[in-house]
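In what follows, a structure is listed as structure tokens, so that the remarks can point back to it.
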Amino acid sequence: MNAGFASSQMSVSTQQTSVDHPVTFANTVGLYKPADVSLSGEGADTAVLFVSSWGFEELCARKFWRLLAGDLATRGLSSMRFDYPGTGDAIDPVDYDKGLDLWLDSIRAAAAKLRELSQVRQLILIGHGLGALLAWKAAESMDNVVGLALAAPALSGRHWLREFVALSRVANPDALQHRAQASGPAMGEQVFPDSLAASLRTIAISSSTSVPARNIFLLKQENRPADEQFATHLAALDTELRSVVFPDYNNFVRDVLFSVPSLKAIEMLSGWAADVAAKQSGKTAMPQQEALLQSLSSQPLTGDGFQERPVRFGDYKRLYGIVCEPLGQRQGATVIVSPTGYERMSGWGRISAQMCRDLARQGIASLRFDGANVADSPPAEGAPEQILYHASQLTDVMAAVDFLEAENQLPVVVTGRCSGAWVAFKSAVKDPRIKGCVPVNLYDLYIPADVDVNLFLRSTRQSLSGYGSKFMSGALWKRVLRGEVRVVSGLSNLFKALVGKAFSFLTPLSVKYPYFSERARSLSRDFSKLAGNDTKVTLIYSEGDAGFGMLERNFCRRGRLLRGPYGTPKIVAIPKADHNLTTAEAREAWTLELKTLAFQLQPKH
């Protein structure tokens, strides 16, 4: 199965083209999906609120939520998803002194906003992971919660914190520790707040003597005795319980890049929610709701030195993004941040959201967005399910440039890391309106159009210096002994790196005479076009990253042959940085290069 998308054998549609409506409230942003009542003119008097987990579990679930929202809409149910304070695209709170009440209050605020938009009385809460525990606790103090779905629930805050730390190390084993990171959960620079963790450790729902909603749907993790025991416990309480195993859960949360939303689980959840809603009395007329949607205009969110507004743009408003602007006068070019892999636009550990806000504090506006079929943006019509390293991604960037041009926010600098770096580079080649390009840890500047992306993503290799440092690492050999490293693949990649090194003496000839290989011809065409358009280029790599080795294969040591025939591309190597730029220092280095380039280009008024 290709990375990042699900099989289409189930009845759930993965080709939804309608969009969800951004709405801001309580210093956060939500996405509201209205019920599809085009035939009946009225919907159920029940709506669904999604309550998310945290960290990489939340990143994996974002597309899952979008697909589930679309399926619920076809069954006449409105829904909304949102970010807790200090997560995703929400504003950071001044402090976390309230502990877990900070997030529980945001759930209640989201419930009130959903009721306002959908004009319903009753709610169903669907929580995943940590979100299931939070949904349970919030529902205890809420009225008219008629159903509660618990998907792979955290039954104990203490256990979830411990398990998350272990799973995070598996999900990103090469991550460097952030300078402020404590011993608790972290995802890149995003660290789980201590006060929230302290509150969370005191909470467990596994032994609750009452339930906050009569209708309970438990999606258990397979071979997890605690979930089975919890199902038995719930059955003894006054509930209408449905309990099943969460289909293909391991493929769902094992890795953000290769996460496969379980369409069978979506079908189960939406069917159960529709059954619960059907048992409730009353309907809600839709003209009132349509009037609300027509007048719906999300107010900007204001933070420390920046202002953000959610936007929809592109054909049929299919793409979802956030414009981040300085509170003072705008300076320099506007930065477009291309998404990485299948991560939502806030990025791994909120790296993109934090970087955009750092830029705004220095006067630079930006647009970050979800590409088609990523997180909260539905797929483009006719595009494949597997969109990484596909030309359709360039169309999304063109739509972003069109949007900024209509808002009089040219010129544009485009950036991205890993697969997003490829999108940034190829978009700059294609669109002369892009006057700056900052790819970060781009594996290879040349990727054939017919490449097997799934195989490619699993077999990327690193520079020889990277292999040397890893061979000296005790952590690597521990992972080898545990069977966590694909030894054959690693040796194959090492062999290819050695062969590339052995024939590196031919590189100057291939750069000077780029006629004898498609690789050399493609690289020459791309950089000649960038130079001809006077597009400024800064290539950023973490020292020892796989992409740095490929740059040297294409243009000799530290890319020295790029300078001269193709203008003056800048090459920056960030020391002590991993591939995802996990640490604040690495992100600051990226931000600095963006600021430097953006300030070379003045805004057009």
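In this note's numbering, the protein residues as written are 1153 to 1757.
Every residue, glycine too, gets a C-beta built ideally from N, C-alpha and C.
Going along the chain, which residues of its own chain have a beta-carbon closer than 6 Å to the beta-carbon of residue i, five neighbours each way excluded?
i, result
"residue 1230", "1186, 1187, 1199, 1270"
"residue 1598", "1671, 1674, 1675"
"residue 1389", "1363"
"residue 1501", "1339, 1340, 1341, 1342"
"residue 1514", "1747"
Using the C-alpha atoms, what's the distance from residue j back to residue i?
i, j, result
"residue 1582", "residue 1545", "12 Å"
"residue 1415", "residue 1311", "28 Å"
"residue 1561", "residue 1755", "7 Å"
"residue 1743", "residue 1374", "43 Å"
"residue 1235", "residue 1383", "29 Å"
"residue 1209", "residue 1281", "7 Å"
"residue 1203", "residue 1213", "11 Å"
"residue 1224", "residue 1474", "25 Å"
"residue 1604", "residue 1543", "14 Å"
"residue 1558", "residue 1241", "24 Å"
"residue 1746", "residue 1265", "37 Å"
"residue 1424", "residue 1738", "45 Å"
"residue 1504", "residue 1694", "17 Å"
"residue 1095", "residue 1279", "An answer regarding residue 1095 cannot be provided, because it is not within the stretch 1153 to 1757 covered by the chain."
"residue 1470", "residue 1377", "42 Å"
"residue 1540", "residue 1391", "44 Å"
"residue 1178", "residue 1516", "25 Å"
"residue 1422", "residue 1255", "25 Å"
"residue 1752", "residue 1243", "30 Å"
"residue 1575", "residue 1549", "8 Å"
"residue 1527", "residue 1181", "15 Å"
"residue 1379", "residue 1268", "35 Å"
"residue 1716", "residue 1538", "37 Å"
"residue 1297", "residue 1277", "7 Å"
Which residues bound the beta strand (DSSP E) around residue i?
i, result
"residue 1709", "Premise fails: residue 1709 is in no beta strand (DSSP E) and is neither H nor E."
"residue 1401", "Element bounds for residue 1401: not the beta strand (DSSP E) but the alpha helix (DSSP H), 1401-1405."
"residue 1304", "Counting along the chain, residue 1304 falls outside any beta strand (DSSP E), and DSSP gives it neither H nor E."
Find out if the Cβ-Cβ distance for the pair residue i, residue j is shorter than 9 Å.
i, j, result
"residue 1568", "residue 1687", "no"
"residue 1301", "residue 1369", "yes"
"residue 1216", "residue 1417", "yes"
"residue 1285", "residue 1306", "yes"
"residue 1487", "residue 1453", "no"
"residue 1703", "residue 1691", "yes"
"residue 1346", "residue 1468", "no"
"residue 1529", "residue 1472", "yes"
"residue 1341", "residue 1734", "yes"
"residue 1536", "residue 1219", "no"
"residue 1344", "residue 1465", "no"
"residue 1609", "residue 1410", "yes"
"residue 1355", "residue 1211", "no"
"residue 1371", "residue 1396", "yes"
"residue 1689", "residue 1572", "no"
"residue 1313", "residue 1352", "yes"
"residue 1750", "residue 1481", "no"
At which residues does the alpha helix (DSSP H) containing residue i begin and terminate?
i, result
"residue 1212", "1208-1226"
"residue 1248", "Taken as a continuous stretch (DSSP letters only), residue 1248 belongs to no alpha helix (DSSP H), as it is neither H nor E."
"residue 1508", "1503-1513"
"residue 1340", "Careful: residue 1340 lies outside any alpha helix (DSSP H) and carries neither H nor E."
"residue 1271", "Neither: residue 1271 is in no alpha helix (DSSP H) and is coded neither H nor E."
"residue 1388", "Counting along the chain, residue 1388 falls outside any alpha helix (DSSP H), and DSSP gives it neither H nor E."
"residue 1131", "The displayed coordinates of the chain run from 1153 to 1757. Any statement about residue 1131 would go beyond what the structure contains."
"residue 1427", "1415-1431"
"residue 1371", "Run containing residue 1371: none in the alpha helix (DSSP H); it sits in the beta strand (DSSP E), 1367-1372."
"residue 1598", "It is not in any alpha helix (DSSP H) - residue 1598 carries neither H nor E in the DSSP assignment."
"residue 1575", "1571-1582"
"residue 1678", "1670-1684"
"residue 1198", "No alpha helix (DSSP H) contains residue 1198, which is instead part of the beta strand (DSSP E) from 1198-1203."
"residue 1519", "Per DSSP, residue 1519 belongs to no alpha helix (DSSP H); it is in the beta strand (DSSP E), 1518-1522."
If you drop the 5 nearest sequence neighbours on each side, which residues of the same chain put their C-beta closer than 7 Å to that of residue i?
i, result
"residue 1624", "Because the pLDDT at residue 1624 is just 48, under 50, the model does not fix this residue reliably, and the value given afterwards should be weighed accordingly. Contacts found: none."
"residue 1316", "1207, 1337"
"residue 1408", "1208, 1211, 1212, 1493, 1494, 1495"
"residue 1510", "1743"
"residue 1785", "The question about residue 1785 has no answer here: the residues shown for the chain are numbered 1153 through 1757."
Who are the Cβ neighbours of residue i in its own chain at under 8 Å, not counting the five residues just before and after it?
i, result
"residue 1228", "1187, 1188, 1189, 1192, 1195, 1196, 1426, 1429"
"residue 1601", "1543"
Beta carbon of residue i: closer than 8 Å to some heavy atom of the ligand ADP?
i, result
"residue 1246", "Summarising the ligand content, the structure contains no ligands, and the ligand ADP is consequently not present."
I want to know whether the stretch 1252-1262 touches the stretch 1276-1294 - three or more CB-CB distances under 8 Å. yes
With contact counted as at least three CB pairs below 8 Å, one residue from each stretch, are the stretch 1450-1470 and the stretch 1724-1732 in contact? no
Does the count of Cβ pairs from the stretch 1354-1364 and the stretch 1523-1538 closer than 8 Å reach three? no
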